[in-house]
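**Q**
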Amino acid sequence: MKVVIGDEVFVPGNLKPQKTVCSDKDSEQSIQHSTALDYAADGSGLVPGISRLRCGNAKWGLRHIDAGHGDGKDGDHSWRNIVQKHMPPGTGWEEFMVFSYKAILGDPSYSSYAEDNDSYRYTAPVKIIQNGKVKRTYHPLILVSADSYNVITAYPRK
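Its first residue numbered 212, the sequence shown is counted upward by one per residue in the working numbering.
(1) Quick check on DSSP: helix, strand or coil for A365?
(2) Does the region 344-359 touch the region 315-333, meaning 3 or more C-beta pairs lie closer than 8 Å?
(3) Got a sec: is the Cβ-Cβ distance from K346 to anything in chain C below 9 Å?
(4) If you drop the 5 nearest sequence neighbours on each side, which residues of the same chain put their C-beta closer than 8 Å to that of P336?
(5) For A325, which residues in the same chain have their Cβ closer than 7 Å to its Cβ, ignoring the five residues on either side in sequence?
(6) The beta strand (DSSP E) with Y331 in it runs from where to where?
(7) Are the Cβ atoms of T302 and V294 separated by less than 9 Å?
(8) Which residue marks the beginning of the beta strand (DSSP E) containing K270, and which one marks its end?
(9) Going by C-alpha to C-alpha distance, which of K369, N292, N361 sits closest to T334?
(10) Using a 10 Å radius around the Cβ and a threshold of 16 neighbouring Cβ atoms, would you call D218 buried or exposed?
(11) Identify the residues that DSSP records as bridge partners of R347: which are they?
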C-alpha cells in the first residue's frame, strides 16, 4: 500500500506526531510552514506564498482540525478513519494530515478564493494505491486565511 499526491509519496514515520508540540495555551505556535499558491494583489493569477499550520484553537489550526476532522466522528471526513482503514499500524493521523497539507499546498490541482470567509481553498487528489491499483481517491480541502495565511482547517473528502 502507498499513498500518492502528485509526485509525492507518503512514508509513515517521516514526521513526528504534531500534537505533541502544541502547548496548552499557545495558539500562535507554528507547526509547519508550507509553500502555497496565492492570488496576486492585482488579480493577475496565482503566485507563490507561505501558509502556516499553527496550533490554533477551536475555530482554526491543528486544534480545530483535531476536534472537527481528526477524531473519527466524521466518517470519511476524518483523517483518523482514513489512517485506520488504509495505513500501517502506528501511523498517526496528524502525520498523514501534515503530509497531505504540504503536498497539496505545494502543488494544488485546484485553488480558489472564497470571498464569504476571506480564505483560499486548495485541493488535490490523494490516491491510496494497493497492489498497483488505485483503491480509493480522496480530495482533501485545505482552507487558508487570506488575512493571516494561517491554515483554518483541512479535511478529507471523497
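All C-beta atoms in this analysis are idealised placements derived from N, C-alpha and C, irrespective of residue type, glycine included.
**A** Concretely, from the data shown:
(1) By 1-based counting over the sequence shown, the position of residue 365 is 154. Reduced to three states, the DSSP call for A365 is strand.
(2) yes
(3) Absence of chain C from the displayed structure is noted, only one protein chain being present.
(4) As a first step, residue 336 must be located in the sequence shown, where it is residue number 125. Correct list, in chain order: I216, S320, T348, Y349, H350.
(5) Residue numbering aside, residue 325 sits at position 114 when the sequence shown is read from its first letter. Answer for A325: R332, listed in chain order.
(6) To locate residue 331, count along the sequence shown from 1; it is residue 120. Element bounds for Y331: 330-334.
(7) On the sequence shown, position 91 is the one that residue 302 refers to. On the sequence shown, position 83 is the one that residue 294 refers to. Yes, the Cβ-Cβ distance between T302 and V294 is below 9 Å.
(8) To locate residue 270, count along the sequence shown from 1; it is residue 59. Run containing K270: none; DSSP gives neither H nor E here.
(9) Along the sequence shown, one-based indexing puts residue 334 at 123. When each option's Cα is compared against that of T334, the closest is K369.
(10) For this step, residue 218 is matched to residue 7 along the sequence shown. It is exposed - the Cβ of D218 has fewer than 16 other Cβ atoms within 10 Å.
(11) Reading the sequence shown from its first residue, position 136 is the one you call residue 347. For R347, which the question treats as bridged, DSSP gives the partners I339.
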